[in-house]
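For the sequence shown, the working numbering assigns the number 722 to the initial residue and increments by one for each residue that follows. A virtual CB, placed ideally from N, CA and C, is assigned to each residue, including glycine.
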Amino acid sequence: QKLFVINVVFDIASMQLNPQLETFMEMQFQLWEGVCNVVNSVPSFTSVRQFEPYIRVLNHQSVKEVIVQNRQYGANTTRIQGSIKKQVEDSQHYANDTYEPYRSIHDYVQQWDEEAFVEKEIAAEEL
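Okay, here's the thing in structure tokens:
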């Protein structure tokens, strides 16, 4: 099952991934921010009165603050972002190698003028 999809389209001079790498990475960042906001919206157990006798909170931190300060989180985030970036770049190379040979067909179809073809008289020998 796929979580993300990137399409390949013919651009003027090259194959283009849609969304492009920068847009894709920004979307991934926004998705993570959304996840952190959902987690941050859950009330802390320290705000429950029945725990007051057992817990003394001096410095309250949000879940996001705790996660971001974790070294393992930082290492994993960097590794995952690097992996995604490499996979998208590999996809770009694969798209170039696979589809670029068909550019002439694509360009021909884009320039095709059916009305002009129908109006033009063509002898059987020309076909």
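Just grab the DSSP bridge partners of residue i for me.
{"i": "Gln736", "result": "Reading off the sequence, residue 736 comes out as Met, not Gln. Answer by DSSP bridge pairing, in chain order: Phe731."}
Less than 8 Å separating the beta-carbons of residue i and residue j?
{"i": "Ile788", "j": "Gln749", "result": "no"}
{"i": "Ser812", "j": "Leu724", "result": "no"}
Cβ-heavy atom distance between residue i and the ligand GTP below 7 Å?
{"i": "Leu752", "result": "Here there are no bound small molecules, and the ligand GTP is not part of this structure."}
If contacts are defined as beta-carbon pairs under 8 Å, then residue i and residue j qualify, I think. What distance do you get, rounded to the angstrom?
{"i": "Val760", "j": "Val784", "result": "5 Å"}
{"i": "Met736", "j": "Glu810", "result": "Going by Cβ atoms, the distance from Met736 to Glu810 rounds to 13 Å, so no, they are not a contact pair."}
In three-state terms, what does DSSP make of residue i?
{"i": "Tyr775", "result": "coil"}
{"i": "Lys785", "result": "helix"}
Taking 8 Å as the cut-off, does the segment 801 to 821 touch the segment 728 to 735 (at least 3 CB pairs, one atom from each stretch)?
Contact between the segment 728 to 735 and the segment 801 to 821 is present, because at least three Cβ pairs lie under 8 Å.
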